[in-house]
Ligand code: PXP
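Numbering (the working numbering), first residue to last: 11 to 258.
What follows is the structure, given as C-alpha cells:
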C-alpha cells in the first residue's frame with residue numbers, strides 16, 4: 011500500500027487570491043479554509059496533510075499551520091526551506107515530519123531538488139535538530155546518487171524523490187523511460203542505504219499509472235492535481251479516486 015499525503019497549499023492559493031490582507035488573521039467569511047479542507051481530505055482516506063510554509067507566505071500562512079497542528083488526526087508534514095528561522099519554527103510546531111525543499115521567490119512551484127551537497131552544513135544541522143526532537147526529516151531531492159548517498163550519510167531518515175521531470179516527460183516515450191529509469195535506480199539506491207523512499211511533484215491522475223510502479227515507494231505527496239480535480243468532483247471523490255489509482 012502506497013500512502014497518500016495531500017498537499018493542500020492550493021486551497022490557500024485560492025483564498026489568498028481574494029483575501030490577501032485578511033487571510034492571516036480573519037476567520038468566518040474568509041474562504042476557502044485549508045483547515046476545513048484538511049479534515050475532509052482525512053475523512054476521504056488521506057494518510058497525511060502536507061503544507062509548504064513559504065518565505066513569501068504566498069499561500070499557507072503561519073496561522074493555518076498552527077490550526078492544522080491542533081486539528082488534524084493523521085500526520086502533519088511541513089515542507090520548508092532549510093533556514094535557521096524555519097528550523098526554529100518547526101521545533102516549536104512539532105509536525106510529525108519536515109521536508110526540506112529549495113526555495114526561491116521567483117519560482118512558480120518547487121522546480122528542482124535540494125542541493126544537499128551544496129548546503130551540507132545547514133542541512134546536517136537541521137537534520138540533527140529534528141532527529142533530537144523526534145521529528146522525521148525528508149530531503150526533497152532529484153534521483154541523483156550523490157544526493158542520495160549524502161542524505162544517508164547525514165542521517166536523514168527519509169527522502170522524497172522529485173518526480174517533476176518524469177511528469178514533464180510523460181508524453182514523450184523515450185524521455186519518459188529515461189526519467190523512470192533514473193527514479194527507479196534512485197529509489198533502489200535510497201532503499202539500499204536504509205532511507206524511506208517517498209516521491210512527489212507533478213503527480214496526476216494519468217501519470218500515477220507509471221509513478222506507482224516505482225520500487226520501494228512508501229508515500230506520495232500530491233497537491234495540484236487533487237485540488238484541481240476537487241473543483242469538478244468535490245474533494246472527497248478527488249482523494250478517493252487518487253487512492254484507487256495509486257493502489258489499484
Ligand atoms: N512534494 C514537494 C516537496 C513539493 O514541493 C510539492 C509542491 O509543493 C509537492 C510534493 C506537490 O506537488 P504537486 O502540487 O505538483 O502535486
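Built from N, CA and C at the ideal position, the CB exists for glycine as well.
Coil, strand or helix - residue 201 by DSSP: helix
DSSP state of residue 90 mapped onto helix, strand, coil: strand
8 Å CB neighbourhood of residue 188 in its chain, flanking five on each side removed: 179
Residue 214 in three-state terms, based on DSSP: coil
Nonlocal neighbours in the same chain, by C-beta distance under 7 Å from residue 64, ignoring five residues either side: 113
Distance cut-off 7 Å: residue 111 Cβ against heavy atoms of ligand 1: yes
As assigned by DSSP and simplified to three states, the class of residue 126: coil
Beta-carbon contacts of residue 137 that lie in its chain and below 7 Å, excluding the five residues immediately before and after: 147, 164, 165 and 166
Pair within 8 Å by beta-carbon distance, residue 72 and residue 87: no
Beta-carbon proximity of residue 228 to residue 13, cut-off 8 Å: Closer than 8 Å, so yes.
Which listed residue (206, 194, 177 and 205) has its alpha carbon closest to that of residue 215: 177
Three-way DSSP call (helix, strand, coil) for residue 69 in this model: coil
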